[in-house]
Amino acid sequence: MDTLNYLMHGFGIALAPENLLLASLGAIIGTMVGVLPGLGPINAVAMLVPVVFALGLPPEGSLILMAAIYIGSEYGGRISAILLNVPGEASAVMTALEGYPLARQGKAGIALSLSAWTSFVGSAIATIGIVLAAPLLARWALAFGPVEYVALMIFAFACLTGLLTDKPVKALLAIMIGLAISTIGIDANSGVYRYTFGSPNLVDGVQFATVVIGLFAISELLIMLDTMHSGASIRVENLGRQLFNRAEMRFTNVATLRGSLIGFFVGILPGAGGTVASALAYTTEKRLVEKSDPEGSRFGKGDMRGLASVEAANNSASNSNFIPMLTLGIPSSGTTAIMLGVLTLYNITPGPALFRSQPDLVWGLIASLFVGNIILLAINIPLVGLFARMLSVPAWVLVPFIVVVSTIGVYSGKSTTFDLVLMVALGVGAYFLRSAGVPMAPLILGLVLGKILEQSLRRALSLSAGDIAILWSSPISITLWAMAAAVLLVPLLLPTFRGWRHKAIVESE
Amino acid sequence: MNTDRLLGAAAIAVATIMLAFGYGLQAPFAYEPVGPRAFPLIAAAMIALCGIILVVKPGEPNETVTAGPGRAIAALSGSLLGYALLFQPLGFVIATTIFMIPIAMIFGAKWWQGGMAGIVLAVSSYALFDRVLEVVLPVGPFGGII
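Respectively, the protein sequence lines represent chains X and G. Here the first sequence is numbered in our numbering, starting from 17 and rising by one per residue. Here the second sequence is numbered in our numbering, starting from 1094 and rising by one per residue.
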């Protein structure tokens, strides 16, 4: 009953007034950024990295705020997808498939409240899953040495290249660019300066905030220029009946449950977040319904079961994303990668020891996921009209705001013009990479994991005096290598798998 | 030229630079079998490999994100760069007010709307960050907030 005690302790932290305030703030910001196209959770969290330091927040406070934004954006993403057929963020693409037709039939209010409810169910199931699975996984992972870590990270990278996109080469390239950036600065083991080009600004590496804000917030502004001209007319009128009824709930219960479970398991895998989960849940649900109930299937024309399963799945996945991040120190999405990077800025080493060394942080965060989801459900059903109105904020207000907050954030770190210029350069570079189809989430994972991977690799090879056979010397590491190989090979062998992956949006979260 | 080919060529160029500057990285006293050089070189080799694959076997030319309106992209990049360079010399409030005008206009504002956005943002975020949150922002050439 250790877990229960820890969880109660976690609730004590999550319900402390300042953390409750942060979770509520995060839920509101998260829903807002989810609604606004062009400002996803990853940009919002990236922009917050320096702000939490400026506020002097303790690590658990920062994480609670960022986690609430992350899960909140999944709630928000559905609003614009349903009302306007414009997904607020990548994982809401599948939501639009069934949600928008429902809105066209005058059932927008039902679609919104039903999807808020299934989002909540998905999140709640995933959070319970975290409580049950995470401590076990962490205890198991405590036995990991540097050898196992190397294999684990290779497995994570294999997942990223194999699962995330249609273009494994580009994902691999992104990971390697991230690793390359992580090598900049003084080498901790030998004191050698690497890729500093004589600049004192690069001696302790590139500031994390500069990289994430450049890569995500700044490049997103340039991407907005591409997409702006296709802007939908924003008129949100008749929402219809506000709340779903009991029959509709019973009709979708099974779909919600299936979506939640699919989302939970997909979310654990590194690299596969809400986008893959919602695509998989949607195609599964569609196939099952068409088989069992061909007459009743209204998929593509507004089937509530499709909507329910998708929303349950992507919320479930974004919650279960926290499992590998907290237990193994391996983030499974771009957003959790940034949170992990934030932890390292607090001098907290992520990994299985976190459960023992930072129980306040871990359990406070887990409890705050419960709290955050309740807040989100509470604000999303009555206030949906208010959030929908956010869609009419013009881009010329939003963009300067993003620019100013980003710039202040980067500047607050070291107060140098160098960092500001680097931020812009990285943003423009990332824009070209994204235009060429290179996903950004693997890049940030490579950056966050680069140092740990290099250190583990060097430590492992020190143990064996340079013999690389040590990398596959333990049963755990052999298993991980085999899993990595399987993840890379399965897509090549299974055409059906390729089919649904093709549907998942290439754009990273 | 195909986007993928261009990307591949750029990757190979980056890998070459990494190789050129990384090859000489050696610790004066080596305590461990793997020094500071190995990891960057592995990354460089993998980047080069990806580049070669992209050059030899590029994908379909049409991408999800099309090359957007080039002039707007250049204008926005230029404005951002200008803002970054003059942020310190001009001070936060002046630089923000000036540079938010073109940025807002690129996104469809009239010039006076951009000016309003700039002034409101500059003053309110100066008050919030510099005064309330104690993030020190650069003061203007006149020593005060302007």
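Idealized CB from N, CA, C, for every residue including glycine.
Nearest-angstrom Cα separation, counted from residue j out to residue i
| i | j | result |
| --- | --- | --- |
| X/Arg-372 | X/Thr-299 | 40 Å |
| G/Leu-1179 | G/Gly-1233 | 11 Å |
| X/Ala-157 | X/Gly-275 | 28 Å |
| X/Ala-233 | X/Leu-36 | 27 Å |
| X/Leu-52 | X/Gly-350 | 19 Å |
| G/Glu-1125 | X/Gly-357 | 27 Å |
| X/Gly-122 | X/Ser-129 | 13 Å |
| X/Leu-399 | X/Ile-193 | 42 Å |
| X/Pro-375 | G/Leu-1226 | 29 Å |
| X/Ile-191 | G/Ala-1137 | 12 Å |
| X/Gly-247 | X/Met-240 | With a pLDDT of only 46 at X/Gly-247, under 50, the local geometry of the prediction cannot be trusted, and no value is derived from it. |
| X/Ile-468 | X/Gly-316 | 45 Å |
| X/Leu-238 | X/Val-163 | 41 Å |
| X/Asp-220 | X/Met-439 | 16 Å |
| X/Ala-369 | X/Pro-184 | 32 Å |
| X/Val-413 | G/Ala-1177 | 19 Å |
| X/Phe-27 | X/Ile-391 | 14 Å |
| X/Arg-321 | X/Trp-133 | 13 Å |
| X/Pro-117 | X/Ser-131 | 14 Å |
| X/Ala-159 | X/Ser-490 | 11 Å |
| X/Tyr-362 | X/Ala-441 | 27 Å |
| X/Glu-34 | X/Leu-73 | 10 Å |
| X/Gln-223 | X/Pro-458 | 18 Å |
| X/Phe-448 | G/Met-1139 | 20 Å |
| X/Glu-525 | X/Thr-212 | Interpretation of X/Glu-525 is limited by its pLDDT of 36, a score under 50 that renders its predicted location unreliable; no figure is taken from the coordinates. |
Element boundaries [alpha helix (DSSP H), containing residue i]
| i | result |
| --- | --- |
| G/Val-1213 | 1204–1218 |
| X/Gly-318 | Neither: X/Gly-318 is in no alpha helix (DSSP H) and is coded neither H nor E. |
| X/Asn-269 | 262–284 |
| X/Trp-156 | 124–157 |
| X/Leu-31 | Premise fails: X/Leu-31 is in no alpha helix (DSSP H) and is neither H nor E. |
| X/Trp-488 | Note, X/Trp-488: premise wrong, no alpha helix (DSSP H); not H, not E. |
| G/Thr-1190 | 1185–1199 |
| X/Lys-186 | 184–198 |
| G/Ile-1105 | 1096–1115 |
| X/Ser-451 | 433–451 |
| X/Phe-403 | 400–405 |
CB contact below 8 Å: residue i versus chain C
| i | result |
| --- | --- |
| G/Gly-1236 | In the structure shown, chain C does not exist; the protein chains are X and G. |
Rounded distance between the beta-carbons of residue j and residue i, thought under 8 Å
| i | j | result |
| --- | --- | --- |
| X/Ile-364 | X/Pro-75 | 6 Å |
| X/Pro-416 | G/Leu-1214 | 6 Å |
| X/Ala-142 | X/Gly-279 | 7 Å |
| G/Gly-1128 | X/Ser-206 | 6 Å |
| X/Ser-348 | X/Leu-285 | 6 Å |
| X/Ile-354 | X/Val-65 | 7 Å |
| X/Ala-225 | X/Val-421 | Going by Cβ atoms, the distance from X/Ala-225 to X/Val-421 rounds to 12 Å, so no, they are not a contact pair. |
Status (buried if at least 16 other CB within 10 Å, exposed otherwise) for residue i
| i | result |
| --- | --- |
| G/Ala-1108 | buried |
| X/Val-49 | buried |
| X/Thr-495 | exposed |
| X/Arg-94 | buried |
| G/Trp-1204 | exposed |
| X/Thr-19 | exposed |
| G/Tyr-1116 | exposed |
| X/Asp-483 | exposed |
| X/Ala-84 | buried |
| G/Asp-1097 | buried |
| X/Ser-135 | buried |
| X/Lys-430 | exposed |
| X/Leu-465 | buried |
| X/Leu-152 | exposed |
Own chain residues within Cβ distance below 6 Å of residue i, not counting five before or after
| i | result |
| --- | --- |
| G/Ala-1210 | Met-1193 and Ala-1197 |
| G/Ile-1105 | Ala-1141 and Gly-1144 |
| X/Thr-47 | Gly-88, Tyr-91, Gly-92 and Phe-403 |
| X/Val-506 | none |
| X/His-25 | Trp-379 |
| X/Leu-377 | Pro-75 and Glu-76 |
| X/Ala-112 | Ala-97, Asn-101 and Pro-103 |
| X/Ile-126 | Arg-257 and Phe-260 |
| X/Ala-154 | Thr-343, Pro-368 and Phe-371 |
| G/Ile-1212 | Thr-1190 |
Close beta carbons around residue i, own chain, < 7 Å, minus the five adjacent residues each side
| i | result |
| --- | --- |
| X/Ala-149 | Ile-339 |
| G/Tyr-1219 | Phe-1185, Val-1186, Leu-1230 and Ile-1238 |
| X/Leu-473 | Val-166 |
Proximal residues to residue i (C-beta, below 8 Å), its chain only, five neighbours per side dropped
| i | result |
| --- | --- |
| X/Ser-313 | Lys-302, Val-305, Glu-306 and Asp-319 |
| X/Ser-249 | In this prediction, X/Ser-249 scores a pLDDT of 49, lower than 50, which makes its location untrustworthy; no coordinate-derived value is stated. |
| X/Val-444 | Ile-234, Ser-235 and Leu-238 |
Cβ-heavy atom distance, residue i to the ligand FMN, below 7 Å
| i | result |
| --- | --- |
| G/Leu-1134 | Judged by which ligands are present, the structure shown has none, so any question about the ligand FMN falls away. |
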